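Only one structure is covered here, and it is reproduced in the block below.
Number of protein chains: 2
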Amino acid sequence: MVEAEPLWWEQLGSCFVRHYYQLFESDRAKLADLYIPESLLTWEGDILHGKESIMKKLLNLDFKKIEHTITAQDHQPTPDNCVLSMVVGQLKADNDHIMGFHQIFFLREINASWVCTNEIFRLSLHNFA
Amino acid sequence: MVEAEPLWWEQLGSCFVRHYYQLFESDRAKLADLYIPESLLTWEGDILHGKESIMKKLLNLDFKKIEHTITAQDHQPTPDNCVLSMVVGQLKADNDHIMGFHQIFFLREINASWVCTNEIFRLSLHNFA
Numbered sequence: 007m008v009e010a011e012p013l014w015w016e017q018l019g020s021c022f023v024r025h026y027y028q029l030f031e032s033d034r035a036k037l038a039d040l041y042i043p044e045s046l047l048t049w050e051g052d053i054l055h056g057k058e059s060i061m062k063k064l065l066n067l068d069f070k071k072i073e074h075t076i077t078a079q080d081h082q083p084t085p086d087n088c089v090l091s092m093v094v095g096q097l098k099a100d101n102d103h104i105m106g107f108h109q110i111f112f113l114r115e116i117n118a119s120w121v122c123t124n125e126i127f128r129l130s131l132h133n134f135a
Numbered sequence: 007m008v009e010a011e012p013l014w015w016e017q018l019g020s021c022f023v024r025h026y027y028q029l030f031e032s033d034r035a036k037l038a039d040l041y042i043p044e045s046l047l048t049w050e051g052d053i054l055h056g057k058e059s060i061m062k063k064l065l066n067l068d069f070k071k072i073e074h075t076i077t078a079q080d081h082q083p084t085p086d087n088c089v090l091s092m093v094v095g096q097l098k099a100d101n102d103h104i105m106g107f108h109q110i111f112f113l114r115e116i117n118a119s120w121v122c123t124n125e126i127f128r129l130s131l132h133n134f135a
């Protein structure tokens with residue numbers, strides 16, 4: 007059986023996701039390259055506008071060490087050839103309990119580079135009855 | 007204290023989300039109005055392209071009755087004035103256990119109507135150690 011060529015948005019999205027979490031875990035300051043002045047990040051309901059505010063938020067998150075495990079990721083092209091990615095996974099920050107999270111990225115090609123113009127992050131906290 | 011005017015994308019996104027789950031629970035066939043021939047839906051990893059395929063999928067989901075409870079929703083405008091919405095919640099289908107889910111919508115204004123060009127749905131299933 008011949009394996010199908012991965013679709014370009016699948017390839018691009020999964021490549022971005024791998025790169026993002028690698029940088030997030032090893033050298034968060036380098037995430038700056040992924041954002042532009044128009045980027046928006048909503049982090050647990052807190053809205054940050056622009057590379058500078060986003061990086062300030064990310065660099066001041068209250069843990070020293072973090073590990074992510076991705077449970078599922080989905081990618082789609084939008085009608086104007088951007089890429090929309092949704093990640094669901096688990097994270098472990100310092101010695102805290104493992105927590106579920108979900109995160110989305112909206113990726114756009116600008117001057118031959120792919121950047122993240124929109125990102126939303128939430129921990130998966132439910133009050134199950 | 008004067009309450010701030012809700013931002014247009016917050017208003018639009020939360021209005022769409024309310025409308026979507028109301029129709030989903032009461033009359034799923036009416037969801038067809040929210041999609042266009044270019045719409046993409048990824049439902050638990052299954053990719054559907056176009057209003058017709060999407061509606062076939064949604065109308066054939068294997069439950070009679072479903073209820074959604076939204077835990078959190080976030081909305082953002084994209085640089086070209088689309089709206090990106092992320093919902094995390096819980097659902098109860100027929101007599102099954104309550105399950106967490108997350109879902110994203112990418113909304114675009116076309117001919118003075120807002121439609122959903124991209125949607126991704128996943129149940130929040132993790133294998134916690």
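Here the protein sequences come in this chain order: A and B.
Reminder that position 84 of the first sequence reads as 90 in the numbering used here, one-by-one numbering, no gaps.
Reminder that position 11 of the second sequence reads as 17 in the numbering used here, one-by-one numbering, no gaps.
Every residue gets a Cβ at the ideal spot worked out from N, C-alpha and C, and that includes glycine.
Note that the coordinates shown come from a computational prediction; the quantities given were computed from them, not determined experimentally.
When the options are compared against residue i, the one with the closest alpha-carbon
{"i": "Phe112/A", "options": "Pro12/B, Ile126/B, Gly106/B, Glu58/B", "result": "Ile126/B"}
{"i": "Trp49/B", "options": "Met61/B, Thr77/B, Asp39/B", "result": "Met61/B"}
{"i": "Val89/A", "options": "Cys21/B, Thr123/B, His25/B, Glu58/B", "result": "Thr123/B"}
Residue i at chain B interface by Cβ criterion, 8 Å
{"i": "His74/A", "result": "no"}
{"i": "Phe112/A", "result": "yes"}
{"i": "Pro85/A", "result": "yes"}
{"i": "Ser119/A", "result": "no"}
{"i": "Ala78/A", "result": "yes"}
Residue range of the unbroken beta strand (DSSP E) whose run includes residue i
{"i": "His103/B", "result": "Here His103/B belongs to no beta strand (DSSP E), and DSSP marks it neither H nor E."}
{"i": "Leu129/B", "result": "119-129"}
{"i": "Leu47/A", "result": "46-49"}
Residue-chain proximity (residue i, chain A), Cβ-Cβ < 8 Å
{"i": "Met92/B", "result": "yes"}
{"i": "Asp52/B", "result": "no"}
{"i": "Phe134/B", "result": "Residue confidence for Phe134/B is low, a pLDDT of 48 falling below 50, so the modelled location carries little weight and cannot support an answer."}
{"i": "Gln17/B", "result": "no"}
Backbone secondary structure at residue i - three-state DSSP
{"i": "Asp80/B", "result": "strand"}
{"i": "Ser59/B", "result": "helix"}
{"i": "Leu67/B", "result": "coil"}
First and last residue of the uninterrupted alpha helix (DSSP H) at residue i
{"i": "Phe30/A", "result": "14-32"}
Residues bridged to residue i (per DSSP)
{"i": "Asp222/A", "result": "The shown model of chain A, from 7 to 135, leaves out residue 222/A, and the question about it has no answer."}
{"i": "Asp52/B", "result": "Trp49/B"}
{"i": "Ile110/A", "result": "Met92/A, Ile126/A"}
{"i": "Ile116/B", "result": "Ser119/B"}
{"i": "Glu73/A", "result": "Lys98/A"}
Heavy atom of the ligand MN within 7 Å of residue i beta-carbon
{"i": "Ile42/A", "result": "Only the bare structure without any ligand can be found here, which leaves the ligand MN out of the picture."}
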